[in-house]
Amino acid sequence: MMRNIRTIMVVLALIFGATSMATAQVKVAHIDVQKLLEEMPERKAAEAQLKKLEQNYTADIQASIKELQTKAQTYQNEAASLSEAQLKARQAEFEKKGEEIQTMENNIRQAEQNARQTLLKKRQELVEPILKKVKAAIEKVAKAQGIHYVLDSSAGSGVIVASGTDLYESVKKELKF
């Protein structure tokens, strides 16, 4: 019985020892990816391009809204200046103008939705290559330093303590900025 306990203890010691040695060989590092992205010239250029595109869409939509408001005000003023008999006589005309205003409102809503979708698609087009470039640089630096795992230490990423190897400066240097 004592011999079995001793054998079990030796086996457990070997298992825990092997696990500890394997764990000691794994290298983990961290990097604040959000901070890195915010400082990248490519991202700043992409944001400027998106902002300009958004301003163009906003200007077009605002012009359409102003045109709609002007037409609506004109129709209201015209209707207010007519007598009851004149309004009845021109009822079909005013209904048509009301439909025209409704169509313009629908077109503006559609233009806003299209602008949002286009901006989202453009953002993805511009950001995707930047993210691939960052990932490749992180992988290259991690491999060069013999690091097995790299954690994202950006705010809200789930990393609570980031006191190990920080790859930020090395990756920034790799990206040449």
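Going left to right, the sequence shown walks through residues -24 to -1, 1 to 153 as mature numbering (1 follows the signal peptide of the UniProt record, and there is no 0) numbers them. Ideal Cβ placement from N, Cα and C applies to all residues, glycine included.
Reduced DSSP category for A5 - H, G, I as helix; E, B as strand; rest coil: Residue numbering aside, residue 5 sits at position 29 when the sequence shown is read from its first letter. In this structure, A5 counts as strand in the three-state DSSP scheme.
Three-state secondary structure (DSSP) of L127: Walking along the sequence shown from the start, residue 127 turns up at place 151. If DSSP states are grouped into helix, strand and coil, L127 belongs with the strands.
Endpoints, the alpha helix (DSSP H) within which F153 is located: Working through the sequence shown from its first residue, we reach residue 153 at position 177. Taken as a continuous stretch (DSSP letters only), F153 belongs to no alpha helix (DSSP H), as it is neither H nor E.
For A91 and Y33, believed in contact at Cβ under 8 Å, the rounded distance: As a first step, residue 33 must be located in the sequence shown, where it is residue number 57. As a first step, residue 91 must be located in the sequence shown, where it is residue number 115. Taking 8 Å as the upper bound for CB-CB distance, Y33 and A91 are in contact here, some 4 Å apart.
Where the alpha helix (DSSP H) through R66 begins and ends: Along the sequence shown, read from residue 1 onward, the residue named residue 66 stands at position 90. That residue, R66, is in no alpha helix (DSSP H); it is neither H nor E in DSSP.
Extent of the continuous alpha helix (DSSP H) run through L44: Position 68 of the sequence shown, counting from 1, holds the residue named residue 44. Counted as a single uninterrupted DSSP element, the alpha helix (DSSP H) harbouring L44 occupies residues 17 to 56.
Closest Cα partner of Q38 within the set K73, E150, E81: Translated into positions along the sequence shown, residue 38 becomes position 62. In terms of CA proximity to Q38, E81 leads the group K73, E150, E81.
Alpha-carbon to alpha-carbon, V117 and K149: Taking the sequence shown and counting its residues from 1, the one referred to as residue 149 is at position 173. Taking the sequence shown and counting its residues from 1, the one referred to as residue 117 is at position 141. Distance between K149 and V117, taken at the CA atoms: about 10 Å.
Close beta carbons around L102, own chain, < 8 Å, minus the five adjacent residues each side: Locating residue 102 in the sequence shown gives position 126, counting from the first residue. Result list for L102: A22, Q25, L26, in chain order.
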